[in-house]
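Colleague: One structure follows; several queries about it will come next.
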Amino acid sequence: MNAKREVHTVRVIDTSHERKTAPNFLKHIEDTLKMLGQDWNIIVVAFTSDASGESRAARIALLEKYPWLIVLDCYAHQVNLVIGDYLGSGSRILAIADDAEELISWLRRRTLVLARIREVQAANGKSFFAIIRPVATRWTSHYLAFKRLLELQPTLTAILASDRVSGGETTFMAGIKGSAAKAKARQMLALIEDGAFWHSLNRIKLHLEPFAIAVNLAQAAHCRLDQVLLIFGFLYHRFSRLPSDIDDEESSSAVLKSLEDRWSKADQSVFVAAVILNPIYRLAPFALI
């Protein structure tokens, strides 16, 4: 339960012995609502859950039985799905994302390279930056992983330059055996030295940055209805007006369509009312509509 911007655990149920179905979930929801009313003297005005199929079915059934209740999807998950639509848009620039993930995976396996990175960073008086691997089901991790890789670019370039000055074998090739492994290493070295790769990766990072902000807001336990609508408006405005140096029509169109689709399925009047009733905003966010 969320009240006065604080989360309170009111009931924990062991469901390990039962099937995870919508009817079973609905029963637990109803039992908890009844308990809150009878034992806590609390009137619940809104309910939300994760975005799984069974949870969605339970929410639909709950709204049918209690039409006065505000029943909401998880909007942190909805924003993550928009990120998924962005990454899956097929834009040519996003081919760089695959190259970046490949480089990240390769660097994480190269213990000698990781040790050299730590050495160079320590020599420059910097803390060690770990290489972050993006996780497919946590789309915001792509932003963090690409941001970290960009932060490591000067270190990687410095290692290459130092190795060439010394005239010995580069750290990136040390200990590698087999023609296939050496070919892979040369491919990764070419990426590290490719200015166009880093430029495109920076564009992707700048595209993902608004999503990282949005998810951090939407996943908060005290996220409000008005904030959800403002988040959607912020993302729509951002991708409708990307600066020319980072604009990409194909991926932007995918984001805008995804936002429109998800907004069309929302209980729009509840979100609009929440913004209007906020004395800070009232009608101001709708002035340009």
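Under my numbering, think of the first position of the sequence shown as 327, with each following residue one higher. Backbone N, C-alpha and C fix where the C-beta goes; we use that ideal spot for every residue, glycine too.
#1: Give the DSSP-derived three-state secondary structure of Asn528 in the structure shown.
#2: Within this structure, are the beta carbons of Ala384 and Asp399 separated by less than 7 Å?
#3: Within this structure, are the beta carbons of Ala329 and Ala544 separated by less than 7 Å?
#4: In angstroms with no decimal places, state the Cα-to-Cα distance between Arg337 and Lys360.
#5: Which residues does DSSP list as the beta-bridge partners of Glu332?
#6: Can you tell me whether His563 is buried or exposed? The criterion is at least 16 other CB atoms within 10 Å of its CB, across all chains shown.
#7: To the nearest angstrom, report how far apart Glu495 and Asp340 are at their CA atoms.
#8: Express the C-alpha separation of Ala449 and Leu568 in angstroms, rounding to a whole number.
#9: If you draw a straight line from the alpha carbon of Asn542 to that of Leu407, how long is it in whole angstroms?
#10: In chain order, what residues of the same chain lie with their CB nearer than 6 Å to the CB of Leu555, ignoring the 5 residues before and after it?
#11: Around the Cβ of Ser453, are there at least 16 other Cβ atoms within 10 angstroms (buried) or fewer (exposed)?
#12: Out of Gln479, Tyr607, Met327 and Pro480, state which residue places its alpha-carbon closest to the alpha-carbon of Val371.
#13: So is Arg442 buried or exposed if we call it buried at 16+ other beta carbons inside 10 Å?
Modeller: Once the coordinates are examined:
#1: As a first step, residue 528 is located in the sequence shown; it is residue number 202 there, counting from the start. Three-state DSSP puts Asn528 in a helix.
#2: As a working note, residue 384 is residue 58 in the sequence shown. As a working note, residue 399 is residue 73 in the sequence shown. Contact: no.
#3: Within the sequence shown, numbered from 1, the residue matching residue 329 stands at position 3. Within the sequence shown, numbered from 1, the residue matching residue 544 stands at position 218. No, the pair does not count as a contact, with Cβ atoms beyond the cut-off.
#4: The sequence position of residue 337 within the sequence shown is 11, counting from 1. The sequence position of residue 360 within the sequence shown is 34, counting from 1. Approximately 12 Å between the Cα atoms of the pair.
#5: As a working note, residue 332 is residue 6 in the sequence shown. DSSP, once it has assigned bridges, lists Ala329 as partnering Glu332.
#6: Residue numbering aside, residue 563 sits at position 237 when the sequence shown is read from its first letter. Answer is exposed; the Cβ neighbour count stays below 16.
#7: In the sequence shown, residue 495 corresponds to position 169, counting from 1. In the sequence shown, residue 340 corresponds to position 14, counting from 1. If you take the alpha carbons of Glu495 and Asp340, they lie about 58 Å apart.
#8: On the sequence shown, residue 568 is found 242 positions in, with the first residue counted as 1. On the sequence shown, residue 449 is found 123 positions in, with the first residue counted as 1. Taking the straight line from one Cα to the other gives about 39 Å.
#9: Reading the sequence shown from its first residue, position 216 is the one you call residue 542. Reading the sequence shown from its first residue, position 81 is the one you call residue 407. If I take the Cα positions, the gap works out to 14 Å.
#10: Mapped onto the sequence shown, residue 555 falls at position 229. The answer, listed in chain order, is Phe597 and Val601.
#11: Position 127 of the sequence shown, counted from the first residue, corresponds to residue 453. Label assigned to Ser453: exposed.
#12: Along the sequence shown, read from residue 1 onward, the residue named residue 371 stands at position 45. Selected option, being the one with the closest Cα: Met327.
#13: To locate residue 442, count along the sequence shown from 1; it is residue 116. It is buried - the Cβ of Arg442 has at least 16 other Cβ atoms within 10 Å.
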